[in-house]
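**Student:** Position one of the sequence shown corresponds to residue 1 (the working numbering), numbered consecutively onward.
Questions regarding the structure given below will be posed in turn.
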Amino acid sequence: MTETTFQCPTCRRLELFEQPVCPDGHGADCPDWMCVVCGTALFVDPAFVLGPDVEIVTAHVA
Ligand SMILES: [Zn+2]
Ligand SMILES: [Zn+2]
Numbered sequence: 001m002t003e004t005t006f007q008c009p010t011c012r013r014l015e016l017f018e019q020p021v022c023p024d025g026h027g028a029d030c031p032d033w034m035c036v037v038c039g040t041a042l043f044v045d046p047a048f049v050l051g052p053d054v055e056i057v058t059a060h061v062a
């Protein structure tokens, strides 16, 4: 399981994010990340993954 840290907009702090198994065939380029603490999903464009521009998609995964 791939893990990294992002500034979580829900936790309002740097949290560990996991990349769930992708059903869409994105592979290593999958833009979907999920906060392990609150479940907030982030959509991170791989082209901007090293920059500050992270599109926030508010979603709760039960
Ligand atoms: Zn969070
Ligand atoms: Zn994917």
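Don't be surprised by glycine CBs; every beta carbon is placed ideally from N, CA and C.
Verify the contact flag: Gly39, CB atom, against every heavy atom of ligand 1, threshold strictly below 8 Å.
**Tutor:** Residue 39 sits at position 39 when you count from the first residue of the sequence shown. Gly39: yes, Cβ under 8 Å from ligand 1.
**Student:** Return yes when the C-beta of Thr58 is under 8 Å from any heavy atom of ligand 1, and no when it is not.
**Tutor:** Taking the sequence shown and counting its residues from 1, one reaches residue 58 at position 58. Checking every heavy atom of ligand 1 against the Cβ of Thr58, none is found closer than 8 Å.
**Student:** Tell me the rounded alpha-carbon separation between Thr10 and Val44.
**Tutor:** Against the sequence shown, residue 10 aligns to sequence position 10. Against the sequence shown, residue 44 aligns to sequence position 44. In a straight line, the C-alpha of Thr10 is about 16 Å away from that of Val44.
**Student:** Give me, in chain order, the residues of the same chain whose beta-carbon lies closer than 6 Å to that of Glu18; leave out the 5 immediate sequence neighbours on both sides.
**Tutor:** Residue 18 sits at position 18 when you count from the first residue of the sequence shown. Cβ neighbours of Glu18 beyond the five flanking positions: Met1, Glu3, Met34, Val36.
**Student:** Using the Cα positions of Leu16 and Thr5, report the straight-line distance between them to the nearest angstrom.
**Tutor:** Within the sequence shown, the letter at position 16 stands for residue 16. Within the sequence shown, the letter at position 5 stands for residue 5. Cα-Cα distance, rounded: 4 Å.
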